[in-house]
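Structure first, then comments.
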Amino acid sequence: MSNSQSVQALFEPFVTGKMTLSNRIVMAPMTRQFSPDGVPGSDVAAYYRRRAENGVGLIVTEGTVINHPDASNQGNVPHFYGEAALNGWANVVTEVHAAGGRIIPQIWHMGARGHVGDYSESEIAALVQGFAQAASEAKRLGFDGIELHGAHGYLIDQFFWEKTNTRTDSYGGDMVARTRFAVEVIEACRRAVGPEFPIVFRFSQWKASDYTAKLAETPELLKQFLAPLVDAGVDIFHCSTRRFWEPEFEGSDLNLAGWTKKLTGKPTITVGSVGLDEDFMTLFTEGKGANHSNIDGLIERLERQEFDLVAVGRALLVDPAWANKIREGRTAELVPFTSEAVKTLY
Ligand SMILES: Cc1cc2nc3c(=O)[nH]c(=O)nc-3n(C[C@H](O)[C@H](O)[C@H](O)COP(=O)(O)O)c2cc1C
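Residues in the sequence shown are numbered consecutively from 19, following my numbering.
So this is what it looks like as structure tokens:
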């Protein structure tokens with residue numbers, strides 16, 4: 019298989035003190051809205067199990083919401099509280115582990131109904147407690163860690179971003195002050211799960227309402243932003259970008275995951291359009307060619323340890339066997355993503 023060597027870096031084990039994965043491929047968190055009344059059923063468990071059976075190293079579940087009145091405004095998004103939903107998640111864990119996989123839930127709050135400035139300090143304390151409760155349930159249910167959703171303009175990110183956080187108390191102000199809410203959430207989760215349980219933190223520059231937004235315009239500001247999160251107890255950063263090959267700052271080709279690893283020393287997950295480019299597929303079938311920015315660039319970056327793990331979203335949403343097909347060079351069998359695919363739990 020001429021291409022098997024070229025993808026080898028994706029299939030090296032990932033070993034840290036707290037987490038061991040059989041390879042570097044992570045299923046990105048993707049909201050699917052197939053959980054009636056917030057309860058993930060056997061179809062959802064089977065959907066995740068198929069990814070575990072087909073060689074995904076780590077599954078991050080779709081965002082699943084904490085117990086708080088504002089946490090969700092979308093139907094059929096799974097809850098991470100209440101007996102029925104938690105039993106559903108316990109079954110998901112059982113199925114994924116039975117297939118030899120690893121899985122962490124993405125703990126989510128969709129954001130303030132009005133403005134984060136409207137929350138009183140006691141409401142903030144209740145929100146923090148909601149995240150900690152979810153973390154504690156994740157550990158009890160046998161998950162392999164948690165991911166906190168601090169990206170894309172949802173609650174935690176609303177505190178980070180100056181446009182949505184105009185608070186004048188100690189939860190607002192400069193970049194470091196705007197991390198206070200996240201720091202409290204991470205610290206409370208850490209207390210709830212103990213020192214050995216992995217905490218992944220997902221963040222992004224971009225917001226669902228503004229793809230060009232930036233929390234940190236320079237590496238120095240990014241460093242200021244990340245340092246308190248590291249101190250609070252994050253083990254792995256999941257750096258959400260829409261295209262993994264885009265340099266984050268001028269003067270270096272490092273992407274956001276590359277900079278985050280360099281500035282914190284923590285392992286990082288990259289993400290963004292892996293496997294979506296048509297050239298990505300032809301490169302596998304026809305050898306080196308047109309577009310070096312995609313798969314070649316990904317493997318080279320992974321080999322030089324710019325980041326540690328690679329999250330794959332849409333390509334894995336439509337094709338449960340994506341990871342094994344890549345490993346085995348069965349690229350002619352890859353299923354292309356279309357927007358129709360979100361209607362089905364393949
Ligand atoms: C249908 C769909 C649902 C998503 N839901 C979430 C989510 O719940 N939480 C999250 O952090 N990102 C979510 N994302 C973003 C993905 O995790 C990922 O970052 C993005 O799709 C880019 O990766 P890709 O190009 O490999 O698809 C979603 C993306 C899609 C396509």
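Where is the CB? At the ideal position from N, CA and C, for every residue including glycine.
In this text the structure is predicted, and so the values were computed from the model without any measurement.
Straight-line gap, residue i to residue j (C-alpha atoms, nearest Å)
i    : j    : result
D337 : G118 : 19 angstroms
E11  : P246 : Missing from the structure shown is residue 11; the chain here goes from 19 to 364 and no further.
T356 : V218 : 29 angstroms
P265 : T288 : 12 angstroms
S53  : E80  : 11 angstroms
R131 : I174 : 13 angstroms
S188 : D136 : 14 angstroms
A250 : L274 : 20 angstroms
T236 : F267 : 7 angstroms
S291 : A108 : 31 angstroms
N405 : L320 : This structure cannot settle anything about residue 405, because the visible part of the chain is limited to 19 through 364.
M128 : Y229 : 17 angstroms
G148 : H97  : 12 angstroms
A156 : F262 : 29 angstroms
A143 : E318 : 44 angstroms
K279 : R345 : 26 angstroms
For residue i, the three-state DSSP class (helix, strand or coil)
i    : result
V134 : helix
F177 : helix
R220 : strand
W126 : strand
G307 : The predicted model places G307 with a pLDDT of 40, which falls under 50 and marks its position as unreliable, so this point remains unresolved.
D314 : helix
H86  : coil
L239 : helix
S140 : helix
E264 : coil
S258 : strand
Proximity test, residue i beta-carbon vs ligand 1 heavy atom, cut-off 8 angstroms
i    : result
M48  : yes
S90  : no
S291 : yes
S53  : no
R208 : no
G129 : no
A150 : no
E80  : yes
Q223 : no
V360 : yes
Q176 : no
Q124 : yes
R260 : yes
Beta-bridge pairing of residue i - partner residues as DSSP gives them
i    : result
E155 : Its beta-bridge partners do not exist; DSSP assigns none.
E165 : Q124, V218
A329 : V44, V289
Any chain C beta carbon closer than 9 angstroms to residue i
i   : result
L76 : Looking for chain C here will not work: only one protein chain is present.
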